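Reading through the structure tokens given below for one structure.
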Amino acid sequence: MAFVFSLLQQIIQIYSWALIIYILMSWFPNARESSIGQFLARICEPYLEPFRKIIPPIGMMDISPIVAFLVLNFAQSGLSRVFLWLT
1 MAFVFSLLQQ IIQIYSWALI IYILMSWFPN ARESSIGQFL ARICEPYLEP FRKIIPPIGM
61 MDISPIVAFL VLNFAQSGLS RVFLWLT
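Quick look at the structure:
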């Protein structure tokens, strides 16, 4: 059981880093058109899309990735609490 929770924690952590890198790539011209950018778009955009539908951009700034990142961190924290509750 501990292995499954540890694996899920690591997957969430890796996905969090992928999300951060994908967000930072928007600051550099043509970075998202690279092969790494396209790969990250395929794995990050399906998660970011629901947040973009709910949260409108503020001027030129899109804050939906920040909210998506916070939700992912809350999920990781909740997973830890469930593990502690079950053990």
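When you line the sequence shown up against UniProt numbering, it's residues 1 to 87, in that order. All residues carry an ideal CB built from backbone N, CA and C; glycine is no exception. Every value quoted in this text rests on a predicted model; they were computed, and no experiment measured them.
Specify the secondary structure class of Met1 as computed by DSSP and reduced to three states. For this step, residue 1 is matched to residue 1 along the sequence shown. Collapsing the DSSP output to three states places Met1 in coil.
Keeping to the same chain, check which residues put their C-beta closer than 7 angstroms to that of Phe51; ignore five residues upstream and five downstream. For the purposes of this step, residue 51 is taken as the residue at position 51 of the sequence shown. Answer for Phe51: Ser64, Val67 and Ala68, listed in chain order.
Taking the alpha-carbon positions, what's the residue 90 to Val82 distance? Residue 90 is absent from the model: the chain starts at 1 and stops at 87.
Could you pull the start and end residues of the alpha helix (DSSP H) that Asn30 belongs to? In the sequence shown, residue 30 corresponds to position 30, counting from 1. Where Asn30 is concerned, there is no enclosing alpha helix (DSSP H), given that its DSSP letter is neither H nor E.
Ile55 - DSSP class collapsed to helix/strand/coil: Locating residue 55 in the sequence shown gives position 55, counting from the first residue. Reduced to three states, the DSSP call for Ile55 is coil.
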